[in-house]
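Chemist: Numbering (the UniProt record's numbering), first residue to last: 1 to 77.
Structure incoming, see below.
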Amino acid sequence: MSVDMAVRVLDESLGRDVLIKLKGGKVIRGNLQGFDQHMNLLLESSVEILEEGKTDEIGNIVVRGDNVVIISPPQFK
């Protein structure tokens, strides 16, 4: 995926829930409020997805772009 395509997908995901997998295996779901050229992400109402479908509330966070392995955008209609 080109950088332009990735930026477009993130831009279209603003204000919607995204699923993020981080280095070390953590998975976080939150409402994408912003991002920058380094793929640092600002998430609101975030939760960590734990084993067996349990969750742990995190709240508002900034995720450093170099820790992100995968960003799954919402389903667009």
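Where is the CB? At the ideal position from N, CA and C, for every residue including glycine.
Going by C-alpha to C-alpha distance, which of GLY15, LEU50, ASN67, ARG64 sits closest to GLU44?
Modeler: Here residue 44 corresponds to residue number 44 of the sequence shown, with the count starting at 1. Residue GLY15 is the option with its Cα nearest to GLU44.
Chemist: Just to confirm, are VAL3 and ILE28 a CB contact at a threshold of 9 Å?
Modeler: Residue numbering aside, residue 3 sits at position 3 when the sequence shown is read from its first letter. Residue numbering aside, residue 28 sits at position 28 when the sequence shown is read from its first letter. No, the pair does not count as a contact, with Cβ atoms beyond the cut-off.
Chemist: When you compare each of MET5, ILE58, ILE20 to ILE71 by their alpha carbons, which one comes out closest?
Modeler: Counted from its first residue, the sequence shown places residue 71 at position 71. Selected option, being the one with the closest Cα: ILE20.
Chemist: Just curious, the alpha helix (DSSP H) that ARG16 is in, first and last residue?
Modeler: As a position in the sequence shown, residue 16 is number 16, starting the count at 1. Looking at the DSSP string, ARG16 is not in any alpha helix (DSSP H), and its letter there is neither H nor E.
Chemist: Does the beta-carbon of LEU32 have 16 or more other beta-carbons within 10 angstroms, so that it is buried, or is it exposed?
Modeler: Taking the first residue of the sequence shown as 1, we reach residue 32 at position 32. Counting Cβ neighbours within 10 Å, LEU32 comes out buried, since at least 16 surround it.
Chemist: Sort GLN75, SER13, ARG64, ALA6 by Cα distance to LEU41 and report the nearest one.
Modeler: Numbered from 1 along the sequence shown, position 41 holds the residue referred to as residue 41. When each option's Cα is compared against that of LEU41, the closest is ARG64.
Chemist: In terms of residues, what are the limits of the beta strand (DSSP E) holding ASN31?
Modeler: As a working mapping, residue 31 is identified with position 31 in the sequence shown. That run of the beta strand (DSSP E) goes 27-35.
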